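Chains as they are written, first to last, in our numbering: chain A, 1 to 291; chain B, 1 to 291.
Note that CB positions come from ideal geometry on N, CA and C, so glycine has one too.
If you're wondering where the values come from, they're calculated on a predicted model, not measured in any experiment.
Worksheet: one structure, shown below.
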């Protein structure tokens with residue numbers, strides 16, 4: 001076997017390396033350094049600026065959880081905005097829901113879309129769907145100029161360094177909130193509970209000023225630092241409204257137990273976030289309907 | 001900052017590396033290569049034969065879950081056997097329960113005990129407790145000769161390579177079962193759901209021949225490969241009996257939501273294990289008492 005390894009460079013105290021067979025692409029775009037590798041275990045792997053973004057083998061744990069948790073919680077999601085997400089993985093999952101009329105994907109770098117369409121065929125070319133609209137633009141600028149409102153905004157962003165740093169800020173969260181319909185939901189990629197607890201706490205505090213039912217949930221992705229990543233759920237519609245709803249088809253990662261379990265926070269994080277533990281009584285007893 | 005990195009060598013397609021400041025110990029014992037490093041983020045880190053065993057920062061997620069999940073499920077655990085576990089972390093957690101009369105720790109390598117007593121002071125020297133009995137012996141041999149029965153056996157072992165390979169086998173599981181009291185519980189360290197699903201399936205099939213309520217559960221440990229590790233729960237006493245029981249004190253990782261959530265298996269693993277999803281109704285409705 002080859003002895004080539006590519007390393008995630010997000011942290012200076014911890015790193016994951018993946019053995020690869022070949023370099024599929026190595027390109028500096030206007031915005032970032034895109035690299036693609038073929039690996040023996042994880043299939044094709046995308047790195048942006050030295051940080052692992054997704055692999056063919058474990059991306060379902062990320063994309064199903066960032067997309068279906070809010071899609072199931074919302075009573076009738078018609079118009080969705082995906083910030084970032086040029087790979088198409090979240091878009092693919094959102095489009096499975098028949099209520100969807102339009103999905104805007106606001107991606108900064110067109111090359112991410114082109115490259116992922118070529119190297120992640122399992123996403124099924126979701127940008128070809130007539131309900132999908134690709135906008136190549138900085139999301140901050142887009143949200144400042146757009147008048148539209150969305151039922152769901154998914155911030156499927158890179159990490160808060162460089163160009164994406166401003167997407168982890170109170171002003172950007174406020175921009176998203178302004179573009180949200182009354183019972184709408186925002187879900188943001190919000191980092192690793194062991195490594196980024198302070199950032200998560202800061203973002204949770206921002207979320208609390210924006211909506212009545214903020215919550216943090218997480219998923220198990222072995223190729224992300226620490227083996228997991230979390231999401232901030234921001235809405236006046238409780239996430240529990242999604243429990244028990246029918247799925248739009250078979251899932252790889254999500255099931256009803258995982259749906260609830262994703263919101264169980266280890267005690268050290270629950271304390272730091274000052275988050276209430278969720279009620280373990282059955283959904284019907286606790287939540288009789290949309291808030 | 002220093003630019004020294006130590007890597008976990010368990011897998012040939014994936015590796016975690018931790019930056020370290022200094023080597024605290026590097027010693028070849030009769031049984032294995034013991035290394036200890038001081039790291040800026042995770043505190044002291046123990047490696048055995050090139051595989052990360054524990055760190056000061058995240059070991060609670062492992063030790064609380066391997067110890068308290070079965071301790072809470074059992075109606076009155078008095079006699080406990082820990083296979084391996086020479087670091088003392090699981091022993092410390094078990095000893096917090098006032099029902100405990102005796103804990104035998106059967107560890108192969110005395111140096112693990114000595115080294116961890118020195119470099120993991122937060123474990124509080126649990127071998128000094130009068131209820132703790134250290135047996136330096138191969139666990140296979142110990143269980144073949146011992147007549148005693150235990151209410152709980154915790155197999156807190158290294159990975160199934162080299163000396164520990166025989167501990168992941170039907171004969172060893174049968175030996176543990178033979179040494180178990182009627183409503184006793186076995187919990188074994190049982191690897192990573194993404195990387196070792198075939199092994200987990202094999203061990204689950206063995207567990208099904210030994211007890212009525214086998215189950216797989218998992219915990220989030222960022223310094224283990226894939227960021228998580230799982231446990232096989234083997235008993236005629238359902239794990240759900242532990243839900244709602246009072247804790248022996250404050251926890252770092254465990255809480256009631258995490259307790260239940262640990263048994264939520266991602267759909268791909270649930271399918272492979274042919275495991276039933278747990279009932280999400282409240283504990284009192286589903287389980288009126290010990291089976």
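Rounded straight-line distance, which links the Cα of residue j to that of residue i
i, j, result
"residue 13/B", "residue 46/A", "16 Å"
"residue 272/B", "residue 222/B", "24 Å"
"residue 113/A", "residue 152/A", "21 Å"
"residue 274/B", "residue 175/A", "45 Å"
"residue 62/B", "residue 135/A", "45 Å"
"residue 150/A", "residue 224/A", "29 Å"
"residue 162/A", "residue 234/B", "49 Å"
"residue 168/A", "residue 87/B", "40 Å"
"residue 269/B", "residue 49/A", "32 Å"
"residue 185/B", "residue 244/B", "18 Å"
"residue 232/B", "residue 7/A", "32 Å"
"residue 82/B", "residue 189/B", "11 Å"
"residue 128/A", "residue 39/B", "48 Å"
"residue 180/B", "residue 219/B", "25 Å"
"residue 76/A", "residue 205/B", "43 Å"
"residue 291/B", "residue 214/B", "Only weak support exists for where residue 291/B lies, its pLDDT of 31 falling under 50; the value from the coordinates is given anyway. Computed Cα separation, rounded: 13 Å."
"residue 53/A", "residue 35/A", "10 Å"
"residue 207/A", "residue 32/B", "50 Å"
"residue 116/B", "residue 264/A", "31 Å"
"residue 289/A", "residue 156/A", "Per-residue confidence for residue 289/A stands at a pLDDT of 36, beneath the threshold of 50, marking its modelled position as unreliable; the derived number appears in the next sentence. Looking at the two C-alpha atoms, the distance is approximately 28 Å."
"residue 25/B", "residue 118/B", "11 Å"
"residue 51/B", "residue 111/B", "16 Å"
"residue 71/B", "residue 256/A", "27 Å"
"residue 43/A", "residue 58/B", "29 Å"
"residue 201/B", "residue 212/A", "42 Å"
Assigned exposure category for residue i - 16 Cβ within 10 Å defines buried
i, result
"residue 164/A", "buried"
"residue 18/B", "buried"
"residue 279/B", "exposed"
"residue 23/B", "exposed"
"residue 27/B", "exposed"
"residue 209/B", "exposed"
"residue 99/A", "exposed"
"residue 267/A", "buried"
"residue 84/A", "buried"
Residue-chain proximity (residue i, chain B), Cβ-Cβ < 8 Å
i, result
"residue 4/A", "no"
"residue 260/A", "yes"
"residue 217/A", "no"
"residue 18/A", "yes"
"residue 14/A", "yes"
"residue 65/A", "no"
"residue 280/A", "yes"
"residue 270/A", "yes"
"residue 247/A", "no"
"residue 284/A", "Any reading at residue 284/A must be qualified, since the residue scores a pLDDT of 43, below 50, and its modelled position is unreliable; no value is offered."
Residue i, enclosing beta strand (DSSP E) - first and last residue
i, result
"residue 188/B", "180 to 189"
"residue 106/B", "102 to 107"
"residue 54/A", "51 to 55"
"residue 14/A", "14 to 20"
"residue 79/A", "79 to 84"
Residue-level contact to chain A via CB, residue i, 8 Å cutoff
i, result
"residue 267/B", "yes"
"residue 55/B", "no"
"residue 257/B", "yes"
"residue 231/B", "no"
"residue 72/B", "no"
"residue 123/B", "no"
"residue 29/B", "no"
"residue 291/B", "A caution first: residue 291/B carries a pLDDT of 31, below 50, which makes its placement in the model unreliable, though a value can still be read off. It does not: the Cβ of residue 291/B has no partner Cβ on chain A nearer than 8 Å."
"residue 188/B", "no"
"residue 252/B", "yes"
"residue 226/B", "yes"
"residue 220/B", "yes"
"residue 61/B", "yes"
"residue 39/B", "yes"
Unbroken alpha helix (DSSP H) run spanning residue i, endpoints
i, result
"residue 257/A", "256 to 261"
"residue 264/B", "Counting along the chain, residue 264/B falls outside any alpha helix (DSSP H), and DSSP gives it neither H nor E."
"residue 72/A", "59 to 73"
"residue 114/B", "110 to 119"
"residue 294/A", "The structure shown does not extend to residue 294/A, since chain A spans only 1 to 291, so no value can be given for it."
"residue 142/B", "139 to 145"
"residue 94/B", "89 to 94"
Query raised in the report: So does the stretch 192 to 205 of chain B actually touch the stretch 63 to 72 of chain B, counting three or more Cβ pairs closer than 8 Å?
Result: By the C-beta criterion, the stretch 192 to 205 of chain B is judged not to be in contact with the stretch 63 to 72 of chain B, since fewer than 3 inter-stretch pairs fall below 8 Å.
Query raised in the report: Quick check: the stretch 257 to 267 of chain B against the stretch 228 to 247 of chain B, are there 3 or more CB pairs under 8 Å?
Result: Flag = yes, the stretch 257 to 267 of chain B and the stretch 228 to 247 of chain B touch.
Query raised in the report: Are the stretch 104 to 120 of chain B and the stretch 137 to 146 of chain B touching, with three or more C-beta to C-beta distances below 8 Å?
Result: Taking a cut-off of 8 Å for Cβ pairs, the stretch 104 to 120 of chain B and the stretch 137 to 146 of chain B touch, as three or more such pairs fall below it.
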